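Quick notes on the structure that follows.
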Amino acid sequence: RHLPVADNGKVIGIISIGDVVTAIIESQKETISYLHNYISQ
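Residues in the sequence shown are numbered consecutively from 2, following my numbering.
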């Protein structure tokens, strides 16, 4: 349920699967908004 965050082989933090899902959803919302505006022009 949690994933380590590493930098140069050193663990610097931990994120949850929920954090990843939230980031993906936000990215998709931005893409949808951009495409909607592009199509509307």
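Quick reminder that beta carbons are idealized off the backbone N, C-alpha and C, glycines included. Source: prediction; values computed, not measured.
- Boundaries for G19: no beta strand (DSSP E) harbours it, while the alpha helix (DSSP H) harbouring it runs 18 to 41, taken from the DSSP string.
- When secondary structure is reduced to three states using DSSP, G10 falls in the coil class, being assigned neither helix nor strand.
- About 6 Å separates the beta carbons of I15 and P5, which is inside the 8 Å limit, making them a contact pair.
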